[in-house]
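Each residue of the first sequence is one higher than the one before, counting from 485 in our numbering. From the three backbone atoms N, C-alpha and C, an ideal C-beta is built for every residue, glycine too. Keep in mind that this is a model prediction, so the values were computed, not measured. Notes follow once the structure below has been shown.
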Amino acid sequence: MFKKIDVKAKPADFEKPIRDYWKQHNIPQKSEDFREGAPKFVFYEGPPTANGMPGIHHAISRTLKDVVCRYKTMQGYQVRRKAGWDTHGLPVEIEVQKQLGFSVKKEIEEYGIEKFNKKCRESVFTYEKEWREMTNLLGYWLDLDDPYITLSNDYIETVWWILNQYWKKDMIYIDNKIVPFCPSCGTPLSDHEVAQGYKEVEDPSVYIRFKVKDEKNTYFLAWTTTPWTLISNVALVVHPDHDYVKVKTGDEYLILAKARLGVLKEEYEIVENYKGKDLKYKEYEQLFPFIVPEEKAFYVALGDYVTLEDGTGVVHTAPAFGEEDFAIGKEYDLPFMRPVNEEGKFTDEITSWAGEFVKDADKGIIKDLNMRGMLYFRTQMKHTYPFCWRCDSPLIYFARRSWYIRTTSYNDKMIENNKKIDWYPPYIGEGRFGDWLENNRDWAISRDRFWGTPLNIWLCEKCGQQDSPGSIKELQEKGKLVDGTPVPDDIELHRPYVDDVVFTCPECGGIMRRTPEVIDCWFDSGSMPFGQWHYPFENEDIFDKELFPADFIAEGIDQTRGWFYTMLAISTFIKGRSSYKSCLVNEMVLDKHGKKMSKSKGNAVDVFKILDKYGADATRWYLLYASPPWTPTRFDEEGVLEVNNKFIGTLKNVASFFATYGNIDNFEYDEYSINPKDRPELDRWIISRLNSVIKRVREFNEKYDLTRAVRLLQSFVINDVSNWYVRRIRKRVWASGMENDKVAAYMTLYEVLLATSKLCAPYAPYISEEIYRSLTNKESVHLENYPEHDEELILPELEKEMRYIIDIVSLARAARNEVQIKIRQPLRTLYAPEELKGVVERMKSLIVEEINIHDIEFVKDKTRFMDYTIKPDYKVMGPKYGKHMSHIAQALQNMDANHLIDVLNKDGVYHLDVDTNEIKLTKESLQIDTQNKEGFVYGEDGDVFVALDTRIDEELLLEGNARELVNKIQFMRKEQDFDIMDRIAISFYTESDEIKEACEKFADYIQKETLAVKLAEKEKTDDMKSWNVNGKEVFLQVKVI
RNA sequence: GGGCUUGUAGCUCAGUUGGUCAGAGCACCGCUCUGAUAAGGCGGGGGUCGGUGGUUCGAGUCCACCCAGGCCCA
């Protein structure tokens, strides 16, 4: 017995028992274990953070990962799927900070790092349940019970080991650099973090006068969009080679770039010309004398970076607040003024604005300048400005102490390694990621925060000596707790506990303490190839053989500068190669209007709702089917519904059809053996199609072109299997007994379904499993091998021929439609082309049944039904005759096409004069089309044409009535919910002689079709149902016997 | 502002090395088939292929510029 597929169950109810079955029988684990000893296909899971709800955009990359892992498993590889959690970092801290209602860092310190970190640790798994649930529902098999977790001591120890490798090779340095800094989070952000937060905003755009020293009424005109930095101004920078001028405007003199004179508001007169370099060291008066520097300042310096695109060509410079400014400051040894604290507020020295957030101070500063007559002009300007990606505060750039890894020192190696990675799509690797690597800068890895892997560098308080422990053991050997006790084995490696460990300086005997920073959490996730296996403390023996590098990773495109980069950077340094060989990149999921989904816009799709409504199979299939992963997918709920109705539904029904009739006949696959070559042509055809599909699906999968794979499979299941094959074998299946013909149909359908279940298993794991298990007694489709095609069973000629038959049927239906004769009304003759006689004769029964005709006749000369139209074949003639083409086309249009064809058929060539050229026309150089001739029902498509004899004689009319009656009776059977095998008795009443005659003449036919043992005319009774049969009233009653 | 990518029917997408009334599915309308089907079939309406120029006998396809969305970077 074949288990019947429940076609009516709600998707979620359909999938749940299957999921339970997997769990009960431990199938996910088995799918790894049963390949023990097989070649490995190494997969790395990029760790998500479970402190936010999973969304539909997470479903896409999870689907991709799962499909590839399942496919590779079925291909015979052992694929381990270890889950992972990213647990450190700013996002977590921000979340907790919000909970506690803190807005600045100081509040955390007052609250206590210990308590704070404890909360962080808890918050990391806030949505773990939802993540598990989503992963589970989606059918993403991942070992969630043994994940790697970046906060575990083992993981941290590996990260320390890696950092220690860098440190030992002198790859880590400390430097003052201009960093993007979030005043609210109180930490600098890395480049990839800054990148996420650009927004368009309006800022003041101000033109400022700087009074030139010892020259009356003379000013430099400079421009800025950050007035608050003016307080720290120490220099003005001009381009050495650009032209500058002094102009007289009103009663004052202004100096600016000649090319920027357009910014002046009033009439002016040029009184002097300079090159930028002529202005070098020209002095001016300090704008805001809050701080009086010791070093020489307030003069003109030269810089190549000055542009003439905006501003005045005279650039205000504050070395503490800009990268270029900082560089100039170093070059000219300018004073370094940074009167801004870590909260982004002015320090006490700036008496007028002390304690005020710098951006808020802009207004007051502008007002002050205006009152003093130093403001030349102000306006608002729209530009993009970076904001903190988590807390939304505007970032400020300023100089800060930070730890760096010299990634630039091995940039070439990274670029080289990147070239060996297979990127899908390729342009990510070459373009976006490649470009980024080319411009790579040193990696700022320290964060002035609390919740993260502590930076494992200790500094001597006295002499600045550094040391770095690379393991817990080393920590124990080198350090003691502050109270003098030894470092315990189970020391918690987070702050504040680890901060209690002190070393004795080997150089000066002073106390060494850990530098307070924590490590960028991207360093954590980039370390995962090592950290997940606690390498090198464990697993060292098998690491390079079985665990590293990954054959495959897949994440969203937003990881380009994130995980993709850090994975490459760290493993290039540690192992000299990339930690992943191939990378499948998916674009973002957008809403159905092509807009980005976000919680704030309210257009985010609830992944749980979708999974509940349509099931995981439909959701997964849709995500793959809708558009290639590397183009942005517009998520359209109706699309998921469509997949469910059409594809999943059809597949279920085919399986259900097989089970229904297979069970009626007690069919057992193993009891029979008919070589495919000995089966009917229709069977050989679907087997051929199946093998062609297997071949191509595998090709697509190898290129990770999963979209083409599922599109092909969907079309195969719906068109080839369901709409043609199953439709055409119904008569064979209904026959009584177990003739070879029927057995062959069962065997074929069984084989097709079984192979289909395996083919679809990676994409739609639930329905595939259900079908597989309904067909076999085996444990799981996911413990199967992926089908391989048999070249001998692929019969291209037969596939082509079947195409003709399908075309003929399609055309004939169109023809019937045209004359409005429905298919139930039989017709006498169908005319088909002589050239296709062989096929059509062989498959005659298919056509006869589909079109309901009695006979097929073959005609050589289709001009009986149609006229020719002739056009040049541009592809052939175009290159030869070039610009004469339009005249040739015109000439052809004016010719008698039928005559031309006659000549071509006879002589093979026709001579034509156009534009004094002699044109030789052959069949190859023309496109020959046809048109209906008046009075015939005729259709054509390519090589195929059909015509129908539309005359209906007496006998056909009676037969049509009989078929109509059968249809009504079948409807009543269905309506009254009879079993398929029930025998019935039919009673009818009618006043139409025509119907009576039909019942008489076609009684056998009617009874056979409807499984009736009796067909009797009776007096009309109330329980008879009235029907309209071709315009005549008939009363019918059916009863089970 | 720069780089990459996308723009084809109301919606989701195909459209090969340039070759001639521009395709599919969904949705809509009409007809139709059906004892597996929430399906299927036939037909219809619906597109100046984002825009403007250019190359060519010929451009959805190649080139330039522009517009819009997305991603990344300043």
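- Secondary structure within the segment 778 to 859: the beta strand (DSSP E) runs of 3 or more consecutive residues, fully enclosed, are 783 to 786, 798 to 801 (chain order).
- By the neighbour-count criterion, in which a residue is buried when 16 or more other Cβ atoms sit within 10 angstroms of its Cβ, G1515 is exposed.
- Counting other Cβ atoms within 10 Å of its Cβ, A1034 reaches 16 or more and is therefore classed as buried.
- In the structure shown, Q950 adopts extended strand secondary structure according to DSSP, grouped into three states.
- Of the residues assessed, I1148 falls on the exposed side of the cut-off, its CB having fewer than 16 other CB atoms within 10 angstroms.
- Put simply, the segment 1109 to 1122 touches the segment 1185 to 1194. At least three CB pairs are less than 8 angstroms apart.
- Contact check between the segment 945 to 960 and the segment 582 to 592: fewer than three CB pairs, one atom from each, fall below 8 angstroms, which does not count as touching.
- Residue environment analysis places A1219 among the exposed positions, since fewer than 16 neighbouring C-beta atoms fall within 10 angstroms of its C-beta.
- Inter-residue distance for Y1064 and T892 is about 21 angstroms (C-alpha atoms, whole angstroms).
- DSSP places K957 in the helix class (H, G or I) of the three-state scheme.
- In the three-state reduction of the DSSP assignment, C666 falls in the strand class.
- With contacts defined as CB atoms closer than 7 angstroms, L621 and A1102 fail to qualify as a contacting pair.
- 7 angstroms or more divides the Cβ of V1069 from the Cβ of I1037.
- Secondary structure at E1039: strand, using DSSP grouped into helix, strand and coil.
- DSSP places K1516 in the uninterrupted beta strand (DSSP E) bounded by 1516 to 1524.
- With respect to T713, F609 sits apart: the two C-beta atoms are not nearer than 7 angstroms.
- If you look at W942, you'll find it in the beta strand (DSSP E) that goes 942 to 944.
- Under DSSP, the beta-bridge partners assigned to Y657 are Y888.
- In the DSSP assignment, T708 falls outside any alpha helix (DSSP H) and lies within the beta strand (DSSP E) extending over 702 to 708.
- By the neighbour-count definition (other C-beta atoms within 10 Å, threshold 16), Q513 is an exposed residue.
- If one requires a minimum length of 4 residues, the alpha helix (DSSP H) runs lying completely within the segment 568 to 607 are 574 to 584, 589 to 595, 597 to 607, in chain order.
- With a cut-off of 8 angstroms on Cβ pairs, the segment 724 to 734 is in contact with the segment 756 to 767, counting three or more such pairs.
- Short of 8 angstroms from the beta carbon of D1399, and not among the five residues preceding or following it, lie these beta carbons of its own chain, in chain order: H1368, H1371.
- Secondary structure at L1243: helix, using DSSP grouped into helix, strand and coil.
- Residue nearest to F486 within the set F1007, R1257, E1443, E1122 is R1257 (criterion: CA-CA distance).
- A direct Cα-Cα distance of roughly 35 angstroms separates L673 from C992.
- Shown here, C989 sits in coil according to DSSP, grouped into three states, outside any helix or strand.
- Between F987 and K957, the C-beta spacing is not below 7 angstroms.
- In the structure shown, the three-state DSSP call for V776 is coil.
- Around the CB of A741, 16 or more other CB atoms lie within 10 Å, so the residue is classed as buried.
- One thing to note: V971 has its Cβ no nearer than 7 angstroms to the Cβ of V982.
- In the assembly as shown, Y703 is a buried residue. Its beta-carbon has 16 or more other beta-carbons within 10 Å.
- Per DSSP, R1104 is one residue of the alpha helix (DSSP H) stretching across 1091 to 1110.
- Counting only runs of 4+ residues, the alpha helix (DSSP H) found wholly inside the segment 1272 to 1335 occupies 1280 to 1303, 1321 to 1326, 1328 to 1335, in chain order.
- Uninterrupted beta strand (DSSP E) stretches at least 3 residues long and entirely within the segment 517 to 574 occur at 566 to 569, given in chain order.
- The C-beta distance from D1466 to L1495 rounds to 7 angstroms, short enough to fall under 8 angstroms.
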